[in-house]
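The structure under discussion appears below in the form of C-alpha cells.
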Ligand SMILES: *Cc1c(COP(=O)(O)O)cnc(C)c1O
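Numbering (my numbering), first residue to last: 37 to 241.
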C-alpha cells in the first residue's frame, strides 16, 4: 500500500499511473478531498489507516475498502451498525498494540482473543486480519520481535473456533522496516516516505 497522507492528488495520480493500486489515508477530511479529486479510478482501492474516532466512523464505512485501525469492540460495533444500515459488509483489520505503548491504540495481545470472539458475532463486519504499527526504531532489526509477536498472535487466533473472522492479512511494516516485516510474515506493507519522500510536516502518522 502507498501511504498517501500528506501527498497531493496530483502525485497520487502519478503513483497510480505507475502501478499503485492501494492508497492508505489517515485523516478523513484529507482523504475525502483527495478521493474526490482522484475519482473512482478502476482498480484503485482506498484504505483507512488512521486513528478512529467514533463520530467519524459514519463517513468511513462503505467508503474505504479496508479500515485497518479498529482498536476496540465498541468501534467494531459502531462499524457493524453503520454497515448494516447501509446494507454492506465492511472489511476491517484489528489493530494490535504490539509494543504495549500507552500513546497508541490497539488491542493488547492478551485481550485480543476475547475481543475477537465478540466481534465474530457481527454480521456486517468482515475481519480479514491484523494490523500493527510497532514502536519507531531506526534499526529495523530492533522491530523484528514485534513482527514475530504479531505473527504468533495471528497464529493463535487461527486456532480459535471463529465463524466469520479471517486472519490471513498481516498489515505491518513501513518504509523503514518493510523488508523485515515481510520476512516475518507481513502480507501488506504500508509505505509512504520511501515512495514519496519525506512528508512536509515531518509527521510519522
Ligand atoms: C504514515 C503511515 C505509514 C507509512 O509510514 P512511512 O514511514 O512514511 O512509510 C504506515 N502506517 C501508518 C499507520 C501510517 O500512518
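Think of the CB as a built atom: it goes at the ideal place given N, C-alpha and C, for glycine as much as any other residue. Treat the numbers as computed from the prediction; the structure is a model and nothing was measured.
Q. Which word fits residue 86, buried or exposed, when buried means at least 16 other C-beta atoms lie within 10 angstroms of its C-beta?
A. By the beta-carbon neighbour count (other beta carbons within 10 angstroms, threshold 16), residue 86 is buried.
Q: Report yes if the C-beta distance between residue 71 and residue 224 is below 8 Å; otherwise report no.
A: Against a cut-off of 8 Å, the Cβ pair of residue 224 and residue 71 comes out as no contact.
Q. If you measure from the CB of residue 41, is any heavy atom of ligand 1 nearer than 7 Å?
A. yes
Q: Classify residue 152 as helix, strand or coil using the three-state DSSP reduction.
A: Reduced to three states, the DSSP call for residue 152 is helix.
Q) Per DSSP, what kind of secondary structure is residue 188 in: helix, strand or coil? A) helix
Q.
Please report the straight-line C-alpha distance between residue 163 and residue 232, rounded to a whole angstrom.
A. 30 Å
Q. Which same chain residues, not among the five before or five after residue 180, have their C-beta less than 7 Å away from its C-beta?
A. Counting only Cβ-Cβ distances below 7 Å, and skipping sequence neighbours, we find 216 and 220.
Q: Would you check if the segment 94-104 and the segment 177-191 touch, i.e. whether three or more CB-CB distances between them fall below 8 Å?
A: no
Q: May I ask you to report which of helix, strand or coil DSSP gives residue 43?
A: coil
Q: Measure how close the beta-carbons of residue 126 and residue 160 come, nearest whole angstrom, since I'm counting them as under 8 Å.
A: 7 Å
Q: To the nearest angstrom, report how far apart residue 68 and residue 190 are at their CA atoms.
A: About 32 Å.
Q: Work out the CA separation of residue 229 and residue 235 for me, nearest whole Å.
A: Roughly 7 Å separates the two Cα atoms.
Q: Assign residue 17 to one of three DSSP states: helix, strand, or coil.
A: The structure shown does not extend to residue 17, since the chain is modelled only from 37 to 241, so the question has no answer here.
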